[in-house]
Each structure stands twice: as C-alpha cells, then as structure tokens.
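Okay, structure first, notes after.
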Amino acid sequence: MHLHRFRILVIDPISNNTLEGIREMDEVEEVHYDKYLDESSILELLPNYEVLVLRSGYTITHEWLEKAINLKCVIRAGVGTDNIPQQLLQEMRIKFYNIPHATTTSVAEYVVGSILIQLRNLIPAHLSIQKGEWKKAEFIGNELSGKSIGLIGYGRIGQEIDRLLSPFNVNVLYYSRTKKRNVAHARYGTLEEIAKKCEVISVQVPLTRETYNLLDENFFSSIKNPVTLINVARYNVINMKYLKKALINGKVRSCLIDPFERGYDISPYDELPIYFLPHLGGNTFEAQDRIGEEIKSIIRELTYK
Ligand code: 3PG
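The opening position of the sequence shown corresponds to residue 0 in numbering that gives the first Met the number 0, with each subsequent residue numbered one higher.
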C-alpha cells in the first residue's frame with residue numbers, strides 16, 4: 000500500500016516529546032518547527048505544507064489560506080478556536096481539529112493556585128522584597144475557606160475548578176451561557192448576582208461574539224465586596240477600561256490576567272494590583288504531552304481515512 004506522508008508546519012510552542020513523536024511517525028515526511036515567526040515568514044512557508052499546527056499565538060487569516068495551496072488540515076493544539084476561521088476552512092475543504100480535553104486539569108489547577116497566591120499577596124510581596132523592603136504588616140492576606148466563589152463559565156474547566164475547590168469549604172456560584180446544570184454543590188447565578196455576592200471570581204469562557212466584553216461596566220459597578228479576579232479565558236472577555244476603574248476604586252483588590260496578548264501596553268496598570276502572564280494556563284509538560292498524543296492520532300486518521 001502506498002502511504003501518503005505529510006509535510007507539517009508547527010508555528011507555536013509544542014513540547015519536545017510532541018515534536019520528537021511526530022517526527023518519528025511513518026506517516027510524516029517533514030516537520031518544520033519554528034515558533035514566534037513573523038507574519039511574512041509564515042506566508043512564505045505556508046505553500047509547502049499540508050498540515051498546520053498552531054496554538055493561540057496567531058490568527059489564521061484569509062491571506063494565509065490563499066497562500067496555503069497545499070493545506071489539507073489545521074490542528075489547533077489546544078481548546079480555543081477564536082483564532083480559527085472555521086467556516087472558511089470548511090468552505091475550502093480544509094479539515095480542522097482542536098484538542099478540547101487535554102488541558103482541563105492544568106488550567107483548573109492553575110486557577111486554584113492563582114486564587115491562593117493572590118489571597119496571600121505572594122506576587123506583590125516578592126516584588127517588594129526585590130526592592131529591599133520588608134512590609135509584613137501590609138501583606139496580611141485572606142483565607143479561602145468560607146468565601147463565595149463565582150465561576151463564570153461552567154464547562155469542562157469550570158466544573159473541574161469546582162471539584163478541586165470542594166475541600167476548601169467554599170460556596171460556589173456558577174454562570175453558564177449555555178445551560179443551568181444539575182449540580183448539588185454549586186448554584187447557578189446571574190453575572191450580576193456573582194458580582195454582588197462573590198469575593199473570588201474566575202472567568203473561563205471561550206471568546207465569542209457573545210462573550211466579548213462579558214465583564215462590562217454593569218458587572219464591575221455591581222461588585223459589593225472587594226473581589227479577587229482571575230481571567231483564564233481571553234483578554235477581551237473583560238472590559239479593561241472598567242476593570243482599571245475597579246482596581247483604582249478597590250472593587251477589585253487583585254487581578255490575574257493569564258491570556259495577556261503580545262503587543263498590548265500594560266504601562267497604564269503600573270501601580271495597580273494586576274498581574275499579567277503569558278498565557279500559561281494549559282502550559283504544563285503533562286498537558287502538552289497529552290496534546291502531542293492527540294496530534295499523532297489526528298495525523299494517523301488523516302493518513303488512513
Ligand atoms: C486553549 O485555548 O487551549 C488555552 O487557552 C491555551 O492556549 P495555548 O494553547 O495557546 O496555550
């Protein structure tokens with residue numbers, strides 16, 4: 000039997016195991032792995048490849064697809080599809096796969112860790128020590144136990160955060176755009192109710208037209224208790240103008256934005272208790288290796304279908 004062997008272009012970081020695993024496949028002729036390429040280099044490379052693997056570092060455009068004359072398949076090595084023009088791919092008969100399950104544990108653990116480090120002021124305390132200060136009294140923190148937690152987004156990740164939080168003796172309110180679920184330990188709440196009642200809020204929704212600016216002026220003005228906020232969704236799910244106001248007036252006491260986007264200016268937040276991270280939620284060896292296994296089975300499926 001003649002085996003078709005694929006040429007694969009990978010433009011976002013993947014784990015070494017993933018890279019080696021794909022390179023060793025009989026079904027693969029070549030893997031070109033180059034992360035952090037500029038747009039024009041990508042356009043130059045695209046015509047030569049049949050499979051494109053990417054994460055959230057780039058948005059596929061019409062121009063990319065015009066160049067990608069041999070492209071048969073796009074693999075989003077992760078969950079979010081806001082950077083993928085799925086309809087266009089379908090029209091061009093280019094197959095598309097994302098990998099929705101592999102990172103759930105990593106993201107949920109990251110949220111729980113982010114809540115705890117913020118409640119105990121670990122990041123600003125470290126930054127203060129680096130400046131030669133000793134401000135023990137100023138960095139008095141809060142316990143998680145007994146707090147009300149708002150989970151905005153209650154799909155795979157939201158439910159796993161809820162499960163991990165259960166030994167902490169917290170009250171969980173969840174908001175889900177899709178449906179109310181029948182869960183014993185968490186209660187459905189509107190966004191306004193979550194803003195009014197919760198001391199800790201975590202956001203894990205996909206970015207869509209409906210979730211763009213989901214946390215808006217009304218949300219921030221409804222906050223009653225100073226909130227510790229975590230965004231592991233996408234940058235634009237929160238309206239940064241009103242978040243900034245809420246950081247200044249103390250409605251948000253601390254905020255961690257995981258999906259920071261390259262090129263955004265963070266200087267307006269310099270003196271505020273907000274921490275930007277380079278989108279680390281799903282960035283563990285374990286999750287990335289699971290993604291690698293799924294990429295391999297997608298390539299196998301493409302070969303033998
Ligand atoms: C996802 O959508 O899978 C997560 O936000 C992680 O994105 P990443 O693959 O770019 O790290």
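Every residue gets a Cβ at the ideal spot worked out from N, C-alpha and C, and that includes glycine.
Suppose the cutoff is 7 angstroms on Cβ atoms and the five residues either side in sequence are ignored; what does the same chain contact list for Ser113 look like?
Ile229 and Leu255
Do you know how far the Cα of Ser253 is from the Cα of Tyr57?
29 angstroms
Our contact map puts Val231 next to Glu198 with C-beta atoms below 8 angstroms; I'd like the distance itself, whole angstroms only.
With a Cβ gap of about 18 angstroms, Val231 and Glu198 do not count as contacting.
Residues bridged to Leu53 (per DSSP):
Arg75
On the criterion of 16 or more Cβ atoms from any shown chain inside 10 Å, does Arg261 qualify as buried, or is it exposed?
exposed
Under a Cβ-count criterion, where at least 16 other Cβ atoms within 10 Å of its own Cβ denotes burial, should Arg186 be classed as buried or exposed?
exposed
Could you check if Phe5 is buried or exposed, using at least 16 other CB atoms within 10 Å of its CB as the buried criterion?
buried
Beta-carbon within less than 7 angstroms of Tyr268's beta-carbon, same chain only, minus the 5 sequence neighbours each way: which residues are those?
Lys243
Are the segment 148–160 and the segment 197–215 in contact at 8 angstroms, needing three or more beta carbon pairs?
yes
Within the chosen definition, does the segment 111–126 reach the segment 177–185 through at least 3 CB pairs nearer than 8 angstroms?
no
Counting along the chain, where does the beta strand (DSSP E) carrying Tyr109 start and finish?
Not the beta strand (DSSP E): Tyr109 falls in the alpha helix (DSSP H), residues Thr103 to Leu118.
Thinking just about the alpha-carbon of each residue, which of Gly152, Glu192, Leu172 and Ile247 is nearest to the one in Val206?
Checking the displayed sequence, the identity of residue 206 turns out to be Leu instead of Val. Here the closest residue by C-alpha is Gly152.
Helix, strand or coil for Lys295, going by three-state DSSP, please let me know.
helix
Measure the beta-carbon distance from Ala211 to Asn248 and round it to whole angstroms, keeping in mind my assumption that it falls under 8 angstroms.
The question names Ala, yet the displayed sequence has Tyr at residue 211. Rounded, the Cβ-Cβ distance is 24 angstroms, inconsistent with contact.
At which residues does the beta strand (DSSP E) containing Leu228 begin and terminate?
Val226 to Asn230
Identify the residues that DSSP records as bridge partners of Asn181: which are they?
The partner list for Asn181 (beta bridge, DSSP) is empty, contrary to what the question assumes.
Coarse secondary structure for Ile15, derived from DSSP in three states
The sequence shown places Asn at residue 15, not Ile. Asn15 falls in the helix class under three-state DSSP.
Run the proximity test for Ser175: is its beta-carbon closer than 6 angstroms to any non-hydrogen atom belonging to ligand 1?
no
Inter-residue Cα distance where the pair is Tyr3 and Glu26
Inspection of the sequence shows that residue 3 is occupied by His rather than by Tyr. Roughly 7 angstroms separates the two Cα atoms.
Using only the alpha-carbon positions, how far apart do Lys223 and Lys196 sit?
7 angstroms
Rounding to the nearest angstrom, what Cα-Cα distance links Asn238 and Met24 in this structure?
45 angstroms
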